[in-house]
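>
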Amino acid sequence: MPSMATGDRKNFNSNNNNNHPQFKSGVNNADNKFDDSFVRRKKIEQQRRSLPIASVEKRLVEEVRKNDTLIIVGETGSGKTTQLPQYLYNGGFCQNGGIIGITQPRRVAAVTVAKRVAEECGVELGQKVGYSIRFEDMTSTSTKIKYMTDGLLLREALLDPKLSKYSVIVVDEAHERTVQTDVLLGLLKGVQKKRTQSSIGSSNSYDHMKKGNNEKERFNEAGKLNPLKLIIMSASLDARGFSEYFGGAKAVHVMGRQFPVDILYTAQPETDCLDAALVTIFQIHLEEGPGDILVFLSGQEEIESIEGLVRENLKKLPEANQKLLIFPLFSSLPSEKQMKVFTPAPVGFRKVILATNIAETSVTIPGVKYVIDPGLVKVRSYSPDSGIESLIVVKTSKAQALQRSGRAGREGPGKCFRLYPESRFEGLDDSTVPEIKRCNLSNVILQLSALGVDDIIGFDFMEKPDRMAVIRSLELLYLLGALTDEKKLSDPIGQQMARLPLEPNDSKALILASQFDCLEEMLIVVSMLSVESIFYVPRDKLEESRTVIKSFSSPEGDHLTLLNVYRASVEFLEKNKTENGSDKAEKNLRKWCKDNFINSRSLKHARDIYNQIRENVERMGLKISSCGDDTLQLRRCLAASYFLNAALKQPDGTYRVLANGQIAEIHPTSVLRRTKAECIIFYNLVQTTRNYVRNVTRIDYLWLAELAPQCYALKDDKS
DNA sequence: GAGCACTGC
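The following block contains the structure:
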C-alpha cells in the first residue's frame, strides 16, 4: 500500500530532449452552424493542404514513377495513409485500369481510413474508394483506391498469384512486423519480379493468357502485364532494414505532426511497478493541470487489482480531490464496457484509463494528456518442441516506448512518465521481435505451399523464422496429410485445407467431418474454438455464473459444451425473430448473452465464422450432414483430427501428452476438470502458473491407433 | 479450482 499521506512521491527526471516542432491545431476552431457540404468540402480541402505530406506531393509521385519500390518513413500525423493513395490516383497510376491497394494490419483502420478518403474525394464509399476486410466487402468494379487488411490480400494472392488487378500496392504500418505483413512482403517481392519478367519476355504473359485465367490481367499496349509498384510505409525511425531487403530501395522521409511530449524518467529503478504506477497516478492527479491519464499495464489481472487500489486510495483524499474516474480497458472486456472510455469526463473530473496494449495502436482515446508507462508488455511465446504457448511479461522495445509516449501528444502538449531510469531506456531493444519468430508456423507454411513455395527454409523472408519451428510445422502438416513426401501441397486434402480461413488442424477436422457425417456439428465447434473466450464472468458474479454455465455443459467435454451454447443461442435468436423481428431479436440476444455470462461479441464473431466456413465447405462440395444426438461420431472425428493433442491420465491425476511426453492438468474452467477421463484430446496447451490443457473432450484410447495409424500403433501389434 | 497481450483470414 503506497503511503500517499506521508508524501511518498516519485522523482522524475526530464530529458528535455524535445525536438518535435509544435503545431497549432487549426481544426474545429470555427463552430460552424452552416456546415453544409460546400463549407465542409472547403474545410476538408484546407485540412488536406495543411498536412505535412502535402508539401511533398509532387516529389512523392515522381519518386514512385522513377522507382518500382519505395520506402516511405512517415511519423504519426504525416497524413501518409490517407493522402498518398490520392496523390497516386491523381498522378495517373490507375490509368491502365489497375487499382491502388493499401494494406493495414487491422480491420478498423482499413474501414475508418477508407471512409475518410471517400469523404475527401467527395465520392460514395464503395465506388472509387472502398475497403475490403473479412466478412465485409465495400468495393465495386469502379473501385480504384482499395483499403484492406494484409491478411485479405494474402488470400487474394491464392486466387490471383500475380495480383494482376493492382498497379500499386502500399503496405502500411510495415514496422509492426505482423506475421501477415512479413509473409506479404516476401510474396510481393516475388510478384514484382515475376511481373517485371513477364513484361520483358512476352512469352510468359502470353502463356498466362492462353491458360484462360479468370482474373483480368493488366496489360500495357504490347499486351504485357505492367510492373507492380510497391510502396512500404513505416513509422519506425530506421528504414534501413526495409531498404536492404528490397535491394537498396530508395527511402524518403515525411515529417510528422505531433505535439511535444515531455518524457520523464524515474531517478531510481522501481522494484514494485504496480505501486509506482499507483503513486504516479495520484501525483499527476494532485499536481498536474487538467487532462486524462493513460496507464499501460500488462493484463486484465493487473488492471483489476490496480483499479481496486486506486478506488481505495481515492476515498482517503479530501472530497474536492476525489474527482477521478477509473476506466479499465482490455480486449476481452465486453464492448459496452469498452465504449465507456470514450465518454468525456464531466467538468472538473479527470479520467484515468487502465489499459493493455490495446491502447497502443488499436484504440485512440481522446483527452489523454498524461501517459504512465511501466515499460512492460505481455507477449505470446511459443515453444515448437513442446507445442506449449505461454504469455510472458517482457520489457518493451524503444519503438514501443515511443509509440506509448506519443499517445500523450495527440491533442496538445503532453507528458509521459516512464517508470524506469533513462539509463534503462538506452538498453532496450530498438524494436520488438517480429511475430514470425515467435509463433506456430503451420498456417504460414500451408499458405505459402498453396502459393507454390515448396522450399520454406529458402523462402526470402525479411527475417527467417526459427529452423526448428519450420521443421515442426512441416511435420504437423505432413501428419495431417496436407503435404506429400516431397513437401508439396497434397491434392485434394492440402488444397482444401489451404482454402479454409482456419488453423490447419481445424480445417482438417472439417474435411474429416464430412466423412464422419458430423460436418454440421463440426462447423459449429470449429467456429466456437476459433474465437477468444466465449464466456465472460465479472469477478463479483462467480457463484451465480456457475449454475448458469452448467446448464450448457456436456459430460463428454468442452467441445460439446460449446456446441450446446451455440445451438441454444441460435434457438433463442430464431424464436425471437419470428416474434419480434430481426433487429429486436439481435438486441434480445445480447441481453440473453449477458444473462448467460456469454461474451456477445465473441458469439457474434463465431456466427460470422460459421457462415463463412459453411459457404466455403459447400463450395468445395463437402457433404454437410448431421450426427444429431449421436455425439460418438463427433468425438471420433475430433480424435481423428486432433490426434497429436491426445493425452492419457496418469496415476496422480495429471495428463501426459502422448506425442511429446509433456505433463499438464485439465484447466479449471473445463467441464472435465473433476471427472478425469482416462483419455482426452485437447485444443490447446498453455503455460500459466502450471501447464494446462484447455477445451478438452473425452475419447477412447483405442480410437487413436484406429484413426491415426500414421502416429499411433497398438503396442500388441508388434508381439 | 484459475486467470488469457494484440491482431488476421
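Read in order, the letters of the first sequence correspond to residues 2 to 720 in my numbering. Ideal placement from N, C-alpha and C gives every residue a C-beta, glycine not left out.
(1) Using only CA atoms, which one of L231, A321, N661 and L449 lies nearest to V180?
(2) Quick check: what's the CA-CA separation for C594 versus E587?
(3) Taking all protein chains shown into account, decide if M469 is buried (16 or more other Cβ within 10 angstroms of its Cβ) or exposed.
(4) Look up L377 in the DSSP assignment and give the residues it is bridged to.
(5) Can you name the residues that DSSP bridges to F536?
(6) Using a Cβ-Cβ cutoff of less than 7 Å, which residues in the same chain neighbour H606 once the five nearest sequence positions on both sides are dropped?
(7) Which residues share a DSSP beta bridge with N692?
(8) Mind listing, in chain order, the continuous beta strand (DSSP E) runs of no fewer than 3 residues lying wholly within the segment 41-100?
(9) Rounded C-beta distance between R351 and D293? I'm assuming under 8 Å.
(10) Answer yes if the segment 42-59 comes into contact with the segment 118-126, meaning at least three C-beta pairs across the two stretches below 8 Å, and no otherwise.
(11) Specify whether the segment 277-289 and the segment 314-324 touch according to this definition: at least 3 beta carbon pairs, one from each stretch, less than 8 Å apart.
(12) Quick one: give me the first and last residue of the alpha helix (DSSP H) that G242 is part of.
(13) Less than 7 Å between C-beta atoms, sequence neighbours within five positions excluded: which residues of the same chain meet that for R117?
(14) At the level of alpha carbons, what is the spacing between S387 and N358?
(15) Taking DSSP as the reference, what is the three-state secondary structure of P367?
(16) Going by other Cβ atoms of all chains shown within 10 Å of its Cβ, with 16 needed for buried, is D653 buried or exposed?
(17) Cutting at 6 Å between CB atoms, please list the residues of its own chain near T70, excluding the five before and the five after it.
(18) Between the segment 513-523 and the segment 637-657, can you find at least three pairs of beta-carbon atoms closer than 8 Å?
(19) With DSSP as the reference, label K212 as helix, strand or coil.
(20) For L310 versus L330, is the C-beta spacing smaller than 9 Å?
(21) Would G415 be called buried (16 or more neighbouring beta carbons within 10 Å of its own) or exposed?
(22) Sort S406, N91 and K592 by Cα distance to G376 and report the nearest one.
(23) For E174 versus A110, is the C-beta distance shorter than 9 Å?
(24) Count the other C-beta atoms from every protein chain shown that fall within 10 angstroms of the C-beta of I103, then say buried if there are 16 or more, exposed otherwise.
(25) In whole angstroms, what is the alpha-carbon distance linking D541 and E436?
(26) Does the Cβ-Cβ distance between L564 and M621 come in under 9 Å?
(27) From T142 to R135, what distance separates their C-alpha atoms?
(28) According to DSSP, simplified to helix, strand and coil, what is N12?
(29) Could you check what DSSP says for L452 in three-state terms: helix, strand or coil?
(30) Suppose contacts are defined by Cβ-Cβ distances below 9 Å. Is V672 in contact with N597 by that definition?
(31) Using the Cβ count rule (16 or more neighbours within 10 Å means buried), how would you classify E545?
(32) By Cβ distance, which residues of its chain are closer than 6 Å to S515, with the 5 residues on each side in sequence left out?
(33) With a threshold of 16 other CB atoms inside 10 Å of the CB of N91, please say whether the residue is buried or exposed.
(34) Hey, could you find the ends of the beta strand (DSSP E) G131 is sitting in?
(35) Give the range of the beta strand (DSSP E) segment to which R351 is assigned.
(36) Do you know whose CA, among L645, D461, R674 and D609, lies nearest K194's CA?
Considering the structure as presented:
(1) Sequence index remark: in the first sequence, residue 180 carries index 179 (1-based). Of L231, A321, N661 and L449, the residue nearest in Cα terms is L449.
(2) In the first sequence, residue 594 corresponds to position 593, counting from 1. In the first sequence, residue 587 corresponds to position 586, counting from 1. Whole-angstrom Cα-Cα distance: 11 Å.
(3) For the purposes of this step, residue 469 is identified with residue 468 of the first sequence, where counting begins at 1. Burial call: exposed.
(4) Your numbering for residue 377 matches position 376 in the first sequence. Partner(s): K396.
(5) In the first sequence, the residue the question calls residue 536 occupies position 535. Answer by DSSP bridge pairing, in chain order: I599.
(6) Along the first sequence, read from residue 1 onward, the residue named residue 606 stands at position 605. Counting only Cβ-Cβ distances below 7 Å, and skipping sequence neighbours, we find V532.
(7) The residue you call residue 692 lines up with position 691 of the first sequence. Bridge partners of N692: Q688.
(8) 70-75
(9) For this step, residue 351 is matched to residue 350 along the first sequence. For this step, residue 293 is matched to residue 292 along the first sequence. Confirmed, about 6 Å.
(10) yes
(11) yes
(12) Here residue 242 refers to the residue found at position 241 when the first sequence is read from its first residue. Unbroken alpha helix (DSSP H) run through G242: R241 to Y246.
(13) For the purposes of this step, residue 117 is identified with residue 116 of the first sequence, where counting begins at 1. Excluding positions up to five away in sequence, the list reads T83.
(14) Taking the first residue of the first sequence as position 1, residue 387 is located at position 386. Taking the first residue of the first sequence as position 1, residue 358 is located at position 357. Whole-angstrom Cα-Cα distance: 27 Å.
(15) Here residue 367 corresponds to residue number 366 of the first sequence, with the count starting at 1. Looking at P367 - three-state DSSP - the assignment turns out to be coil, as it is neither helix nor strand.
(16) One-based indexing of the first sequence puts residue 653 at position 652. Counting Cβ neighbours within 10 Å, D653 comes out exposed, since fewer than 16 surround it.
(17) Reading the first sequence from its first residue, position 69 is the one you call residue 70. If we look at T70 and ignore the five residues flanking it on each side, its Cβ neighbours are L231, F247 and A250.
(18) yes
(19) Residue mapping note: residue 212 aligns to position 211 of the first sequence, counting from 1. Per-residue confidence for K212 stands at a pLDDT of 38, beneath the threshold of 50, marking its modelled position as unreliable; the derived number appears in the next sentence. Three-state DSSP puts K212 in coil, outside helix and strand.
(20) As a working mapping, residue 310 is identified with position 309 in the first sequence. As a working mapping, residue 330 is identified with position 329 in the first sequence. In this structure, L330 does not lie closer than 9 Å to L310 by Cβ.
(21) Within the first sequence, residue 415 is the residue found at index 414, counting from 1. Buried, by the Cβ-count rule.
(22) Mapped onto the first sequence, residue 376 falls at position 375. The residue with the shortest Cα to Cα distance from G376 is S406.
(23) By 1-based counting over the first sequence, the position of residue 174 is 173. By 1-based counting over the first sequence, the position of residue 110 is 109. Cβ distance < 9 Å, so E174 and A110 count as in contact.
(24) Locating residue 103 in the first sequence gives position 102, where the first residue counts as 1. Buried, by the Cβ-count rule.
(25) By one-based count along the first sequence, residue 541 stands at place 540. By one-based count along the first sequence, residue 436 stands at place 435. Going from the Cα of D541 to the Cα of E436 covers about 36 Å.
(26) As a first step, residue 564 must be located in the first sequence, where it is residue number 563. As a first step, residue 621 must be located in the first sequence, where it is residue number 620. No, Cβ-Cβ distance for L564 and M621 is not below 9 Å.
(27) Taking the first sequence and counting its residues from 1, the one referred to as residue 142 is at position 141. Taking the first sequence and counting its residues from 1, the one referred to as residue 135 is at position 134. Their Cα atoms are separated by approximately 18 Å.
(28) Taking the first residue of the first sequence as position 1, residue 12 is located at position 11. Here N12 sits in coil by DSSP.
(29) Position 451 of the first sequence, counted from the start, is the residue given in the question as residue 452. Looking at L452 - three-state DSSP - the assignment turns out to be coil, as it is neither helix nor strand.
(30) The count along the first sequence starts at 1 and reaches residue 672 at position 671. The count along the first sequence starts at 1 and reaches residue 597 at position 596. No, the Cβ-Cβ distance between V672 and N597 is not below 9 Å.
(31) Reading the first sequence from its first residue, position 544 is the one you call residue 545. E545 should be labelled exposed.
(32) Sequence index remark: in the first sequence, residue 515 carries index 514 (1-based). So the list reads L623 and K624, once near-sequence residues are dropped.
(33) Looking up residue 91 in the first sequence gives position 90. Exposed, since its Cβ has fewer than 16 Cβ neighbours within 10 Å.
(34) Here residue 131 refers to the residue found at position 130 of the first sequence. That run of the beta strand (DSSP E) goes V130 to I134.
(35) Walking along the first sequence from the start, residue 351 turns up at place 350. Unbroken beta strand (DSSP E) run through R351: R351 to A356.
(36) Walking along the first sequence from the start, residue 194 turns up at place 193. For K194, the nearest C-alpha among the options comes from D461.
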